[in-house]
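Chains as they are written, first to last, in full-length UniProt numbering: chain Y, 1 to 244; chain A, 1 to 244.
I have placed the structure first, in the form of structure tokens, so that the comments after it can refer back to it.
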């Protein structure tokens, strides 16, 4: 039996946002590995071993997946959203680079990433050029985050922020808002999309002047419009056009 | 009967990448509107009117959808990829802003956007902070594109380019490569992902020094790594970490 590793994106939460491609991989798997709330989204069945693990154990999990595949097992590593956006795909290739054994068959299966699910609920805030920034400084220096924020604002990108806030980093999101206020006008629209597509979903759009750090938590994606982003009724959208 | 408008993302091409949410909306629709190759991906059935139209008719198509919904029809506007990324969602809200009639019920349904499908085939090139830029200057001044490219390179974002090249803009993609060569090192990895998830799929990664304009066409998404993006076997990935 030939083992393999699939890194699959489960989307933001709703089962109706999981692709048939990912469902098919899960149906063939012998093992599912991942952060425990994501593994909890996979239905148990005979012959399937569910191996939830904690956050910040990404590299160990990826190495374990490679090891299991070498034994002939069919392993799905589950990510929320898309596995290639601040999720498990990079960790798997890091583990592969460090491994001494030959690489098993690997496939990455895309999913609906949080910023696109959030944007769809908000309207079309990412309808023009945009960037995605992970605001956690667990794996990069805080100075780099500040520099990227300023350059992104100067480029007039719409911006999506992942991991805007956690208990261990209470001072950082206030600083992000401060930088945005230095670089952007006070009426700039900023949307807070919490737990999109789950029963806890909450969407709120305010101006940058009105934004407070408490509007974001660990389950929130934050989307900042560009200078042309505006409201139409309850929707927020970024026009396709910029005039010369 | 209450009409509605749904803007739905069909993903990059493969039916296995269409979400169940989008399939459910199509099953309830009376009308499907969109650019003709996307409408061609929807199975005909009795009671469903398929209305394909040409490219660059986005606003007319969106206004028509609003008009049909006001008559009680259930309208799905189909986009390839995700409707919120350089696609029909913004056009719909522009049409809504210009409309005098009350807004119908509107929903935006996310899809797998081309850059994430491409990234999954390439490995994990967007595994760290990144930006998405539409290289077409149909709706914005070329100078803004050049400015964004330089700022994105200076921020060390990985970059995904939509619409890199068309027959009507032959000189622009060569200029993009020129700017990237001014801002980035010659060994920077650049991937060309054509027609991902279709029978015509072709993926190729070269260094910036080796890249030529002919490697991109209208059906290509181009992904430029950041300064740390590297190869492991046949894969290309961007590490999660940046050291201080």
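All C-beta atoms in this analysis are idealised placements derived from N, C-alpha and C, irrespective of residue type, glycine included.
Predicted, not measured: the structure shown is a model, and the values here were computed from it.
**Study point:** Unbroken beta strand (DSSP E) run spanning residue 156(Y), endpoints
**Key:** Taken as a continuous stretch (DSSP letters only), residue 156(Y) belongs to no beta strand (DSSP E), as it is neither H nor E.
Review point. With DSSP run on the structure shown, which of helix, strand or coil describes residue 31(A)?
Key: Strand, per DSSP.
Check your understanding: Is it the case that the Cβ atoms of residue 139(A) and residue 240(Y) are separated by a distance below 7 angstroms?
Key -> Contact: yes.
Exercise for review: Check the Cβ of residue 154(A) against every Cβ in chain Y and list those closer than 7 angstroms, keeping chain order.
Suggested key: Per Cβ cutoff of 7 angstroms: 151.
Review point. What are the boundary residues of the beta strand (DSSP E) that residue 79(Y) is part of?
Key: Boundaries of the beta strand (DSSP E) harbouring residue 79(Y): 74 to 79, taken from the DSSP string.
Exercise for review: In angstroms with no decimal places, state the Cα-to-Cα distance between residue 113(Y) and residue 80(Y).
Suggested key: Residue 80(Y) has its alpha-carbon roughly 8 angstroms from the corresponding atom of residue 113(Y).
Review point. In its own chain, which residues sit with a C-beta less than 7 angstroms from the C-beta of residue 224(A), not counting the 5 before and 5 after it?
Key: Correct list, in chain order: 158, 159, 180, 188, 190.
Review point. List, in order along the chain, the chain Y residues whose C-beta lies closer than 9 angstroms to that of residue 232(A)?
Key: Chain Y residues near residue 232(A): 93, 94, 96, 97, 103.
Point to revise | Close Cβ partners of residue 36(A) (< 8 angstroms) along its chain, the five nearest in sequence each way excluded | key: Here the set comprises 52, 53, 54.
Review point. Do the CB positions of residue 93(Y) and residue 142(A) come within less than 7 angstroms of each other?
Key: Contact: no.
Exercise for review: Pair every Cβ in the stretch 120 to 133 of chain Y with every Cβ in the stretch 22 to 29 of chain Y, then say whether three or more of these pairs are closer than 8 angstroms.
Suggested key: A contact is defined here as three or more CB-CB pairs under 8 angstroms, and the stretch 120 to 133 of chain Y fails this definition with respect to the stretch 22 to 29 of chain Y.
Point to revise | For residue 130(Y), the three-state DSSP class (helix, strand or coil) | key: For residue 130(Y), the three-state secondary structure derived from DSSP is strand.
Check your understanding: Who pairs with residue 231(A) in a beta bridge, going by DSSP?
Key -> Within the DSSP bridge table, the entry for residue 231(A) names 236(A) as partners.
Check your understanding: Can you tell me whether residue 110(Y) is buried or exposed, with buried defined as 16 or more other CB within 10 angstroms of its CB?
Key -> Residue 110(Y) is classed as buried because its beta carbon has at least 16 other beta carbons within 10 Å across all chains shown.
Exercise for review: Taking residue 96(Y) as the reference, give the member of 4(Y), 165(Y), 38(Y) with the closest Cα.
Suggested key: The shortest C-alpha separation from residue 96(Y) is found at 4(Y).
Exercise for review: From the DSSP output, in three-state form, read off residue 50(Y) for me.
Suggested key: In this structure, residue 50(Y) counts as strand in the three-state DSSP scheme.
Practice item. Could you check which residue in 119(A), 115(A), 121(A) has the C-alpha nearest to that of residue 133(A)? Key: In this structure, 115(A) is the residue among 119(A), 115(A), 121(A) with its C-alpha nearest to the C-alpha of residue 133(A).
Check your understanding: Can a CB atom of chain D be found closer than 7 angstroms to the CB of residue 140(Y)?
Key -> The structure shown contains no chain D; the protein chains it does contain are Y and A.
Review point. Of all the options 182(A), 212(A), 151(A), 156(A), which has the alpha carbon lying nearest to the alpha carbon of residue 173(A)?
Key: Ranked by Cα distance from residue 173(A), the first of 182(A), 212(A), 151(A), 156(A) is 212(A).
Review point. Would DSSP call residue 191(A) helix, strand or coil?
Key: Residue 191(A) carries a strand assignment under DSSP once its states are collapsed to helix, strand and coil.
Point to revise | Interface flag, residue 192(Y) vs chain A, CB-CB below 7 angstroms | key: No - not a single Cβ of chain A is within 7 angstroms of the one on residue 192(Y).
Practice item. Buried or exposed for residue 182(Y), please, with buried defined as at least 16 other CB atoms from any protein chain shown within 10 angstroms of its CB. Key: Looking at its Cβ environment, which holds fewer than 16 other Cβ atoms inside 10 Å, residue 182(Y) is exposed.
Exercise for review: Can you pull the chain A residues whose beta carbon is under 8 angstroms from the beta carbon of residue 235(Y), in chain order?
Suggested key: Listed by position along chain A, the residues whose Cβ is nearer than 8 angstroms to that of residue 235(Y) are 93, 96, 106.
Review point. Under a three-way DSSP split, which group does residue 6(Y) fall into?
Key: It is a strand residue.
**Study point:** Interface residues of chain A facing residue 127(Y) [CB-CB closer than 7 angstroms]
**Key:** Chain A residues near residue 127(Y): 84, 89, 90.
Check your understanding: In chain A, what lies closer than 9 angstroms to residue 42(Y) by C-beta?
Key -> Per Cβ cutoff of 9 angstroms: no residues; residue 42(Y) is ~16 angstroms from chain A at best.
Check your understanding: Anyone know if the C-beta pair for residue 49(A) and residue 31(A) falls short of 7 angstroms?
Key -> In this structure, residue 49(A) sits near residue 31(A), with a CB-CB distance shorter than 7 angstroms.
Check your understanding: Can you name, in chain order, every residue of its own chain whose Cβ lies under 8 angstroms from the Cβ of residue 165(A), other than the five neighbours on each side?
Key -> Cβ neighbours of residue 165(A) beyond the five flanking positions: 135, 172, 173, 213, 216, 217, 218, 220.
Exercise for review: Measure the beta-carbon distance from residue 99(Y) to residue 63(Y) and round it to whole angstroms, keeping in mind my assumption that it falls under 8 angstroms.
Suggested key: With a Cβ gap of about 7 angstroms, residue 99(Y) and residue 63(Y) count as contacting.
Check your understanding: Name the DSSP bridge partner or partners of residue 204(A)?
Key -> Looking at the DSSP assignment, residue 204(A) forms a beta bridge with 192(A).
Exercise for review: On the DSSP bridge assignment, give the partners of residue 173(A) in chain order.
Suggested key: Under DSSP, residue 173(A) forms no beta bridge with any residue.
**Study point:** For residue 207(Y), the nearest candidate out of 197(Y), 196(Y), 199(Y), 222(Y) (CA to CA)
**Key:** 222(Y) is the residue among 197(Y), 196(Y), 199(Y), 222(Y) whose C-alpha sits nearest the C-alpha of residue 207(Y).
Point to revise | residue 209(Y), buried or exposed, once every other Cβ within 10 Å from all chains shown has been counted against 16 | key: Exposed, because fewer than 16 other Cβ atoms sit within 10 Å of the Cβ of residue 209(Y).
Practice item. Give the straight-line distance between the Cα atoms of residue 69(Y) and residue 6(Y), rounded to the nearest whole angstrom. Key: A direct Cα-Cα distance of roughly 10 angstroms separates residue 69(Y) from residue 6(Y).
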